[in-house]
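Remarks on the structure that follows.
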Amino acid sequence: MIQSLEASWIPDNCDHVICIACFCQYAHETDATGLPRCAVASCESLCKTETHHEISVPHGTLTSTEGMDRKGKKPLDGTLQELGQCSHGDDAMISSDFYCSICMETVHIGEVFPIDGCTHTFCISCVSQYIAAKVEENVLSIGCPDPGCKDGVLHPEACRDVIPLQLFQRWGAALCDSSLGELKFYCPFKECSALLVHDPGHGEAVITNVECPHCCRMFCAQCKVPWHDGVTCTEFQRLGKDERTREDLLLRKVAQKSKWQRCPKCKMYVERVTGCVFIICRCGHCFCYLCASPMSRDNHHCKTCKRTW
């Protein structure tokens, strides 16, 4: 209830009458800047500078354009202070301090950060620490710090000026990474590990041998491993994990060129210098040197390839 017109404020182009104390509280909670707007939600009337001459507010009327920006607006705390005295007739100015509900500390109004999508506001320090904790937990879609709020959201660009550059870059990279989905992969060389994007193409030939644009080393785009020269992708996929190193692939290439056979049991390579196809490996397994089929110690004739020599 308005006690008197002496403590009231009337916007232009509407008939709403608002007490100074209520308006100051309304402007503070909505983080309003510039010239005051009518507090009625359905009304968009503004109070022009010259209109303040007609408002009877003792010693607190906005009667000067000093300190205004190019658009004729003043910052929030300056506007509140000049609107000034409350309906109880106190001479105290409106406080420019803000109480943060996270750290429970009082900070200057210029050190607060409003959350997009809701009316919550917190100090910059708490918002920065909150974002850092969420990114560390790999939570990339960050909402309002208020646990009961489902509408507020924090966007990287909106928070860019209040968080460290390293945190901003990490947050952006993680968002980019998650948006790529199955198209993303990393350079197989551990000392590089650059994020790369797979281009599946449309009706084009499958490309396997490619060069990392960061470390300039060759790798297989299909197997996502360092380039396996002399081994097809199908053959490589059949190899065990302990057979895929560069040394193992080089040995395999030499074995193929020299026509060595591999023991079916212990997987060791053997070379026949002379004699028949019957081979006894050092592990004790008997097999055919030509087709690697099992053989008996009593019969040196291979039943699979029908060979003795």
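Note that the UniProt record's numbering has the sequence shown beginning at 1, numbered continuously upward. By construction, the Cβ of each residue, glycine as well, lies at the ideal position given by its N, Cα and C atoms. It should be emphasised that the depicted structure is a prediction, and the values quoted were computed from it without experimental measurement.
Give the C-beta separation of residue i and residue j to the nearest angstrom, bearing in mind that I take them to be a contact with Cβ-Cβ under 8 Å.
i           : j           : result
residue 100 : residue 118 : Going by Cβ atoms, the distance from residue 100 to residue 118 rounds to 16 Å, so no, they are not a contact pair.
residue 304 : residue 281 : At roughly 17 Å, the Cβ-Cβ gap does not stay under 8 Å, so residue 304 and residue 281 are not in contact.
residue 215 : residue 236 : Wrong, their Cβ atoms sit about 21 Å apart, outside the cutoff.
Report all residues from its chain with a CB closer than 6 Å to the CB of residue i; omit the five preceding and five following residues, and keep chain order.
i           : result
residue 175 : 140
Are the Cβ atoms of residue i and residue j separated by less than 7 Å?
i           : j           : result
residue 123 : residue 135 : no
residue 113 : residue 153 : no
residue 292 : residue 269 : no
residue 276 : residue 265 : no
residue 286 : residue 297 : yes
residue 233 : residue 212 : no
residue 150 : residue 185 : no
residue 109 : residue 125 : no
residue 249 : residue 228 : yes
residue 253 : residue 230 : yes
residue 208 : residue 221 : yes
Residues in the same chain with beta-carbon distance under 8 Å from residue i, minus the five sequence neighbours each way, listed in chain order, please.
i           : result
residue 70  : Because residue 70 sits at a pLDDT of 42, beneath the cut-off of 50, its placement in the model cannot be relied upon, and the following sentence gives the value as read from the coordinates. Around residue 70: no qualifying Cβ.
residue 160 : 168
residue 156 : 168, 171, 172 and 175
residue 98  : 106, 107, 108, 109, 111, 112, 121 and 123
residue 103 : 123, 125 and 126
residue 131 : 142, 154, 159, 163, 167 and 171
residue 258 : 271
residue 116 : 152, 153, 154, 155 and 158
Less than 7 Å between C-beta atoms, sequence neighbours within five positions excluded: which residues of the same chain meet that for residue i?
i           : result
residue 321 : In the structure as shown, the chain begins at 1 and stops at 309. Residue 321 is therefore absent and cannot be evaluated.
residue 263 : 270, 281, 283, 285 and 287
Measuring only from the beta carbon, is residue i closer than 6 Å to any heavy atom that is part of the ligand FMN?
i           : result
residue 135 : This structure lacks the ligand FMN; in fact it carries no ligand of any kind.
> Taking the runs of the beta strand (DSSP E) that are 3 residues or longer, which of them lie wholly in the UniProt domain "RING-type" (263-306)?
Replying inline: 278-280 and 286-288
>> As an exercise, report each continuous alpha helix (DSSP H) stretch of at least 4 residues that is fully enclosed by the region 141-223, in chain order.
In response: 156-159 and 165-180
> What alpha helix (DSSP H) runs, 4 residues minimum, are completely inside the UniProt domain "RING-type" (100-145)?
Replying inline: 124-136
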